[in-house]
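In this note's numbering, the protein residues as written are 402 to 1112.
By construction, the Cβ of each residue, glycine as well, lies at the ideal position given by its N, Cα and C atoms.
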């Protein structure tokens, strides 16, 4: 079945509105680059003042063409764009690429209104619109350059010949998208498409992602995004990519909290504005890169050698020092450098001079570059089955001895594991082209190479379906009718109604009631002030622990009542008396509702130091118990959960169930804006857990916080 965007990506005809021969103008470059790219379809200049432009017959308007056109390239004044779009739609144009800027990206309301009208035109007429404020798109296979980016003017660099596919680029920012393309070409990466989405009045990143996922010419997708506007469409496309095993590498910018919202919960404070994206990427196995060099190396590895099957890496080096340098970087990236088996060391020993080394790193010395030792070591190491990838360390300087590149290319083509080359000297042009011919990624940056390899070596997460939770009708009503922020006892009542167990407790309003409650619950007890204005009790002295008799309880009540009067006069519901939980490990389970992606779950090692250590993991709700366990395994302190250094293993299954239950509750009750259970006291395996404190903020209230921060 033909994809809906086929005529946009593979156009048979392209009209250039306002076509010019002046290369100082965008319209002139659009026409010139389209012609120079090798495009073989029909090119239609539109210029009311010219009968011919650059030797091509011109038409006074798009409706004068007399037949449907696949793409209209529009780079005219912003005040003329809407009327031109309506004219294009009436003339049967299938797709319009609006290069013009001056819409929603500028301050003021008129540009945003005009951009909104573009979306309406697309929906009303069926003509799809790219942009506005886009650099355009490029089909590197056709080829067809519907862009004014100079990076496509001369795409003459060599690309790898023995590759396993091509890379497709999608970017909000056209400048960055085509810069990625330019950098990649220098590395020999073959590309399929470059798509700059611009302001996305109509088509969004989700639409382009869906196309590239279905595209047989694209084996790897490189995404540069500032925002994802169609969250559900993106998730559907990402799920298809995961099902197909098609890797997506994402660079997400705008991760800082500058201009962020005021937050009441630790969860929102720790999560920041990037948590939803981290959870999204983790959900679908999208590999996040922080830097250009990492992204380029991952793309290069994927199209040349594919994804490593594990994290075992072998290093073959011509320099002992440089090999050790590489080994350090690889281990920092979480990769394992195993010692070769005795048999493999014996085989390697036959290839090495007496001053070489058959351990890992394997030092073939400089002589190995001349006598075939490099090739033989690569082949022997790969054949051993003891490594999942290999790093070749050498000097790519012009003065360094030249390897037999034909034999190296043959070895690389058959060894079946990913390989990249790290040069500890400046890379010469001859070596750059030579390694491209050998289908070998080459870098000067061993740290980025190691990080890229480490990210690719991580296991691809398995997605699991989570059934919806059925909650009693009163739960949603309790949240909707509640005040902005709920007290702990109110939150626990909601949790209980949803089938989530909490510790026995009683709300009291006098010292006598407190004493009776403690006697009923059994000593020792905990006492806490309850006020919607006091969300973090420890910060105001609103908590008393391990109270063992009536005198301690009465004294604690009086002290807590004074705290309430001091910090929340007239807004205290009472004092909560709770059974003292057995000691255990403090965990935080939290949820923040994202406007686009819904509930974002967070779990980590908790308590009052949560914002200090930030040892947390994220997942998009609903989260299955299996996914929750995977989140727990992501934590830096995960070994503490499983019995670290003789300590007892903790109740991980109970914790995973709690994370799942809370996520399903958040999905079922969209009125919940933020929820936090902190701390959860996690006991030894088989002894369960205790919910010691909880916080809930209505969705409308979290919106109010965001508005307050923006003002």
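Rounded to whole angstroms, what is the Cα-Cα separation between residue i and residue j?
i	j	result
residue 500	residue 630	20 Å
residue 563	residue 531	Only weak support exists for where residue 563 lies, its pLDDT of 46 falling under 50; the coordinates are left without a value.
residue 409	residue 454	24 Å
residue 599	residue 466	28 Å
residue 640	residue 786	32 Å
residue 595	residue 524	25 Å
residue 968	residue 738	57 Å
residue 587	residue 414	31 Å
residue 617	residue 642	12 Å
residue 581	residue 591	12 Å
residue 1064	residue 903	17 Å
residue 1183	residue 439	Missing from the structure shown is residue 1183; the chain here goes from 402 to 1112 and no further.
residue 627	residue 577	11 Å
residue 474	residue 568	25 Å
residue 645	residue 863	13 Å
residue 874	residue 883	15 Å
residue 987	residue 1092	10 Å
residue 579	residue 495	24 Å
residue 424	residue 1036	55 Å
residue 665	residue 962	In this prediction, residue 665 has a pLDDT of 43, which is less than 50 and means its spatial position is unreliable; what the coordinates show is noted afterwards. Residue 665 and residue 962: Cα-Cα distance of roughly 23 Å.
Who pairs with residue i in a beta bridge, going by DSSP?
i	result
residue 1101	Looking at the DSSP assignment, residue 1101 forms no beta bridge with any residue, so it has no partner.
residue 460	447
residue 539	546 and 595
residue 607	The partner list for residue 607 (beta bridge, DSSP) is empty, contrary to what the question assumes.
residue 692	According to DSSP, which records beta bridges pairwise, residue 692 is partnered with nothing at all.
residue 1000	994
residue 624	571 and 651
residue 416	445 and 473
residue 922	Answer by DSSP bridge pairing: none, since residue 922 is not bridged.
residue 820	791
residue 453	458
residue 837	According to DSSP, which records beta bridges pairwise, residue 837 is partnered with nothing at all.
residue 717	763 and 793
residue 777	Note: residue 777 sits in no beta bridge, so no partner.
residue 1005	989 and 1017
Classify residue i as helix, strand or coil using the three-state DSSP reduction.
i	result
residue 806	helix
residue 973	coil
residue 931	strand
residue 489	helix
residue 1078	strand
residue 738	coil
residue 907	strand
residue 1019	strand
residue 872	coil
residue 671	Unreliable positioning characterises residue 671 in this predicted model, as indicated by a pLDDT of 47, which lies under 50. The coordinate reading is nonetheless provided below. In the structure shown, residue 671 sits in a helix (DSSP, three-state: H, G or I).
residue 944	strand
residue 764	strand
residue 395	This structure does not reach residue 395, given that the chain is present from 402 up to 1112, and the question cannot be answered.
residue 979	strand
residue 1051	strand
residue 828	coil
residue 656	coil
residue 1036	coil
residue 529	strand
residue 347	With the chain covering only 402 through 1112, there is no way to say anything about residue 347.
Of the residues the options, which one's Cα is nearest the Cα of residue i?
i	options	result
residue 959	911, 789 and 756	911
residue 926	776, 775, 940 and 908	908
residue 1046	1053, 1038 and 1052	1038
residue 846	615, 1015, 713 and 826	826
residue 1082	1004, 1065 and 849	1004
residue 552	632, 584, 1030 and 796	584
residue 573	750, 545, 591 and 536	536
residue 1087	780, 1052, 737 and 1059	1052
residue 772	1019, 515, 719 and 506	719
residue 970	980, 976, 934 and 875	934
residue 687	1100, 730, 507 and 856	856
residue 522	781, 717 and 487	487
Give a single yes or no on whether residue i has its beta carbon closer than 7 Å to a heavy atom of the ligand FAD.
i	result
residue 958	Of ligands this structure carries none, so the ligand FAD is not represented either.
Does the beta carbon of residue i come closer than 8 Å to any beta carbon on chain C?
i	result
residue 609	Looking for chain C here will not work: only one protein chain is present.
| task | Specify whether the stretch 819-839 and the stretch 756-766 touch according to this definition: at least 3 beta carbon pairs, one from each stretch, less than 8 Å apart. | result | no
| Inter-stretch contact at 8 Å, needing at least 3 Cβ pairs: the stretch 650-657 / the stretch 600-617 | no
| message | With three or more beta-carbon pairs closer than 8 Å as the criterion, would you say the stretch 951-965 touches the stretch 885-900? | response | no
| query | On the three-pair Cβ rule with 8 Å, is the stretch 799-817 touching the stretch 680-690? | reply | no
| field | Three CB pairs or more closer than 8 Å across the stretch 686-702 and the stretch 1014-1025 | value | no
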